[in-house]
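Our numbering numbers the first residue of the sequence shown as 2 and each following residue consecutively. Single-structure report; data block below.
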Amino acid sequence: MQNPTKFAQTVGLLAWLCLLIGAHIKFVRPVFRRYPIVRGYREIAEKIKSFNGRHTKLSGAVWRTRILRSAYRIGFTLLTLPFFVGEYMLHGHHFVWFTMGWVVAGFGITVGYHRIGTHPSFKAPEWVRAILLIMGSMAVQGPVSEWTKKHSKHHAFGETSADVHSPYVFEESKRGIFIEQFYAFMHSFMMWAFREPSLRRPKGMSIEDWKADLLNNSPDPATFKFREEDRNYWEVKDKSGKIVASTETLIKKRWARFVDVIVGIEQDKTITMLGNPLVYIGILVVSVGAPMVLGGISIWEVLARICYVNWATFCVNSVSHIWGEQPFQVADNSRNNAVVEILALGEGGHNTHHKSELWAQHGVFAWQFDPSAMLIKTLAFFGLARELNLPSRSQLKAAWRSWRRREPTMQGYAAPTWEQSISPSLVEQISAGEEVSV
Ligand SMILES: [Zn+2]
Ligand SMILES: [Zn+2]
């Protein structure tokens, strides 16, 4: 180690950031989680209105909640500043280039490859979409054509034996369960990338022939496996218990939909162009070379950025399918994971994403963190994105209520009654039938 003091300071700053985030997740996030969306805006006003029928303005309590929440967010951001300033003072332009590389390739994956490339969750002018996809290509996660196809398969067959990267253990084996789970985790984390066959169209084969060939190669129902918890999604029965849609039918249906999606990707001109090996390698060379030539950054520092972005993505596929919250009921084990939300720029809101892959926002609740959605909304503000597909407030409230019913204690935090969720004086006024003053 060339400079132990500098190393210790770097680790110290990192520890400070982890401590802050840990405290937020442990103590503050659960408080936010009590309310389905930003409680204290419209909800309280509606509640008050339903009590006295006259009140239409936001009450003082509403403003207090709003100010407190904003103050907390600003305060938290200020507390994280020493980390960024300190790292800059220690590492100067090296830190700046690392952060820039992470932000460009990171958002390239989340907003580019994922939220507009695989799932058309918003629309953008073709040149904006192309820039986002080029940014994604810089992450060294394979060309966009391959990434989007494999990810579509994950959505069609999540947590089944046909999934691309499920951490679920299907096979009984002589190995102990811990070892088995460790292997399954490593498979979902990164080993799948070396095992999963390519979905590239063979050279010389027409799209029609390729589509027909794919349709003939759906997963075999005889060897197809799914989690027992997901049986209702893979074997639909009527009230009397008669099977109305068999596993075989459902596999065929999902496979046909998946084939349609990847044929659509194959016909996408921008994706095909960026998937060309020469173009892809060209982008890689520029993204690795530019920081070295322009910023004097070593190859190891570029590799560190590539590792970080890749590991964050790997965490979405593995960690977010094992640990976290499940506000939405879905046909797989996807979870909203607070840590992955931070590491992977909002992609940790993975249960929400599996509920509807077409929502442009994965952090839909007030307690979640989704900088990728912030970027999409910023693009929309400047007219560079449009037709954002977002869940409605009633969908979110319904999901939150059903979650509260399924997990009454919300992992240790009892759901408050509405009386507990607003100020005592307001409860008194409403209970006495008084008009609530602003
Ligand atoms: Zn997933
Ligand atoms: Zn997705």
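We treat Cβ as the ideally placed atom computed from N, Cα and C, and that holds for glycine.
Around the C-beta of residue i, are 16 or more other C-beta atoms found within 10 angstroms, so that it is buried, or is it exposed?
i    : result
A185 : buried
C19  : exposed
P203 : exposed
F8   : exposed
I117 : buried
W193 : buried
C316 : buried
K356 : buried
P83  : exposed
E267 : buried
P292 : buried
R34  : buried
D371 : buried
V331 : buried
V320 : buried
A400 : buried
K27  : exposed
W368 : buried
N233 : exposed
G13  : exposed
F195 : exposed
W128 : exposed
R402 : exposed
I307 : buried
L79  : exposed
V289 : buried
H56  : Unreliable positioning characterises H56 in this predicted model, as indicated by a pLDDT of 46, which lies under 50. A coordinate reading is not provided.
T6   : exposed
F329 : buried
Q142 : buried
Which residue or residues does DSSP assign as beta-bridge partners of residue i?
i    : result
A246 : V237
F227 : T161
K124 : R387
N337 : E326 and G350
Look at residue i and residue j and say whether their C-beta atoms are less than 8 Å apart.
i    : j    : result
A361 : S153 : no
N352 : S335 : yes
G159 : D269 : no
G364 : E342 : yes
A163 : P220 : yes
L251 : W235 : yes
G347 : T100 : no
Y169 : W148 : no
R67  : A157 : no
S189 : H166 : yes
I244 : K238 : yes
L376 : F108 : yes
L134 : I282 : no
L275 : P144 : yes
N311 : A131 : no
A313 : L344 : yes
G296 : H94  : yes
L359 : I263 : no
W98  : I300 : no
A386 : K150 : no
E326 : N318 : no
T81  : L21  : yes
G102 : V303 : yes
A381 : R30  : no
K226 : F183 : no
F366 : L397 : yes
M136 : V86  : no
T11  : E88  : yes
P222 : T248 : yes
Ligand 1 site residues, beta-carbon cut 6 Å against heavy atoms: H155, G159, H322, S335, H351 and H355
Segments of 4+ residues assigned as alpha helix (DSSP H) that fall wholly inside the stretch 340-386: 351-356 and 372-382
3-residue-minimum beta strand (DSSP E) runs that sit fully inside the stretch 266-301, ordered along the chain: none
Inside the stretch 74-135 only - alpha helix (DSSP H) runs reaching at least 4 residues: 94-108
Contiguous alpha helix (DSSP H) assignments of at least 4 residues, all confined to the stretch 195-219: 208-216
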